[in-house]
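Just below is one structure, and these are the notes that go with it.
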């Protein structure tokens, strides 16, 4: 009976952990520490990186940069295209900026440093709709799959495993309570 007193209070938490099928990811912008800078060449822009990365609602973008000389501005498409830094939706100056992608569709970011956006320090991220992830068998990795990807699990395999574990814990909880 003592074991049930320990397990029962944690049962709802265990169920919630197992039932949550969507986990947000923290994604470092550019995939390395200090990538929020003027690109070295037109082939090494952050937009090139973003085109090869799958973003979903709930993901968190992380920028690392020198806040003494730069900032991250979230802007409209028009301000993105014109590199207009005067009217940002949101301004970040904390050198370790985190922005949660709260809806599907495009997000636009430019550098707040004078002239940097015009030199290519900007980022457009397109977040796929939740329906894309439900109807697509693609893996949950950040980069696109390599030309020879490993075999993917069959649709529903992970959910079946979660349901089995959830059922086992519920059965154990009921058995302990009896």
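Residue numbers (mature numbering (1 follows the signal peptide of the UniProt record, and there is no 0)): -23 to -1, 1 to 155. Backbone N, C-alpha and C define an ideal beta-carbon position, used for all residues, glycine too.
Alpha carbon of residue i to alpha carbon of residue j, nearest angstrom
i, j, result
"residue 35", "residue 79", "6 Å"
"residue 46", "residue 57", "20 Å"
"residue 54", "residue 81", "15 Å"
"residue 76", "residue 1", "12 Å"
"residue 62", "residue 108", "34 Å"
"residue 43", "residue 151", "55 Å"
"residue 91", "residue 33", "31 Å"
"residue 65", "residue 4", "22 Å"
"residue 30", "residue 105", "11 Å"
Pair within 8 Å by beta-carbon distance, residue i and residue j
i, j, result
"residue 103", "residue 38", "no"
"residue 70", "residue 48", "yes"
Chain-order list of residues whose beta-carbon lies under 8 Å from that of residue i (same chain, five-residue window excluded)
i, result
"residue 73", "39, 40, 41"
"residue 60", "87, 94, 95, 99"
Residues sharing a beta bridge with residue i, DSSP
i, result
"residue 40", "74"
Cβ neighbours of residue i in the same chain (closer than 6 Å, five flanking residues each side left out)
i, result
"residue 67", "51"
"residue 7", "23, 26"
Same chain, Cβ closer than 7 Å to residue i, neighbours up to 5 away in sequence not counted
i, result
"residue 21", "none"
Next on the checklist: With three or more beta-carbon pairs closer than 8 Å as the criterion, would you say the segment 3 to 21 touches the segment 90 to 102?
Outcome noted: Contact between the segment 3 to 21 and the segment 90 to 102 is present: three or more C-beta pairs spanning the two stretches fall below 8 Å.
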